[in-house]
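Okay, so the sequence shown: first residue is -13 according to this note's numbering, each after it adds one.
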Amino acid sequence: MSFVTTLSTRLSKGHDAELERALALAWSELSARHPGIAEHGGAFADHVAARWPLDVEPLTHVRGLAWPDLALAFLALRGDTSALTELSERLRPIVARVVARGDGPDADELSFALEGKLFDPQDSKLAGYVGGGELEGWLSVMATRTWLNLKRARGREQLTADVEPAAPLQDRVDSPELAYLKELYREQFRAAFERAATSLSPEERNVLSAYYSKRANIDAIAASRGIHRATAARRVSRAREQLLSETRRLLLAELQLPRSDLESVMRLIQSQLHVTLSRLFRED
């Protein structure tokens, strides 16, 4: 079924000629901007319907949606190369404005964090964009929040920047309980992290080493492998998540901690990830 027919049927109990005309106009507009959408009419209609707010008048909402931006997000979620490229380009000025706020993460660090959130096909935040406002505004909010989170995390990492490499998981004491766990199991934490790192594939270790130890940005990693920067961002993000997941599995199996304690430990590890990985791969 076509986009117009599919969505009109989902939104209206009966035939609504005015709604169909509005949908046809929207389809014409977004198809002109994103020709790749043409073969996904039915799927795009389902995508829009799944994000449709309750208790709104369909015609009014159709006329207020940012259709080209909604189509761009949909195509990017499906891995369309042109859409991913456009999204990356639209992120650049947003990132530049956010990092100009002052001392904090630079453009490369913020871009990587954002691309990890936006370009991960398993859990892309783009799925949350509903088209109620322009995509730039939505991305700006995400970029600002991400920048602030990175800045806070960097502040925590700075507290342990001069700790000897043998104790990469040294952290501020959040509570007496966490301090106790940290001291009691320090060697197990370190060993689990290092074992998890050895379980990574050569490519996973290489991209993490490039990003964290050699300080290569996503563009450089992409260029060295002849891949799209979104693909490079996904590879770094997946390798990092695999490392954390395996560390968690090893700790769970070895220490048999209560789940609440294990989650506290994992938050400690994750808060120090940049420092820890920089040291780990520098020692390779």
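Cβ coordinates follow ideal geometry from the N, Cα and C atoms, glycine included.
Boundaries of the alpha helix (DSSP H) in which residue i is found, first to last residue
i: F179; result: 172 to 184
i: G50; result: 44 to 50
i: W13; result: 3 to 19
i: E75; result: 67 to 85
i: A239; result: 215 to 241
i: A99; result: 93 to 104
i: S(-6); result: -11 to -3
i: A208; result: 204 to 211
i: E190; result: 188 to 194
i: P54; result: 53 to 63
Residue i (DSSP reduced to helix, strand or coil)
i: Y115; result: coil
i: L40; result: coil
i: E25; result: helix
i: E120; result: coil
i: K200; result: coil
i: S277; result: Here the chain comprises residues numbered -13 to 270, so residue 277 is not present and cannot be evaluated.
i: L32; result: Rather than Leu, the amino acid found at residue 32 in this sequence is Asp. The answer is helix: DSSP assigns D32 an H, G or I state.
i: S110; result: coil
i: E143; result: Low confidence applies here, because E143 scores a pLDDT of 48, under 50, leaving its location unreliable; read the following figure in that light. Looking at E143 - three-state DSSP - the assignment turns out to be helix.
i: G90; result: coil
CB contact flag (residue i, residue j, <7 Å)
i: F267; j: Y198; result: yes
i: A62; j: L70; result: yes
i: P54; j: L11; result: no
i: L133; j: P91; result: According to the sequence shown, residue 133 is Trp rather than Leu. A contact, by the Cβ cut-off of 7 Å.
i: H33; j: F(-11); result: no
i: E101; j: A208; result: no
i: E95; j: A52; result: no
i: A183; j: L236; result: no
i: E190; j: A216; result: no
i: V48; j: A8; result: yes
i: R37; j: V127; result: no
i: E6; j: S(-6); result: yes
i: R87; j: A35; result: no
i: R176; j: V193; result: no
i: F30; j: I204; result: no
i: S185; j: E232; result: yes
i: V84; j: T130; result: yes
i: G22; j: D66; result: yes
Classification of residue i by the beta-carbon crowding that lies within 10 angstroms, buried from 16 upward
i: H20; result: buried
i: S68; result: exposed
i: T(-8); result: buried
i: T46; result: exposed
i: T262; result: buried
i: A202; result: buried
i: R181; result: exposed
i: D89; result: exposed
i: I213; result: exposed
i: S210; result: exposed
i: L58; result: buried
i: L125; result: buried
i: A24; result: exposed
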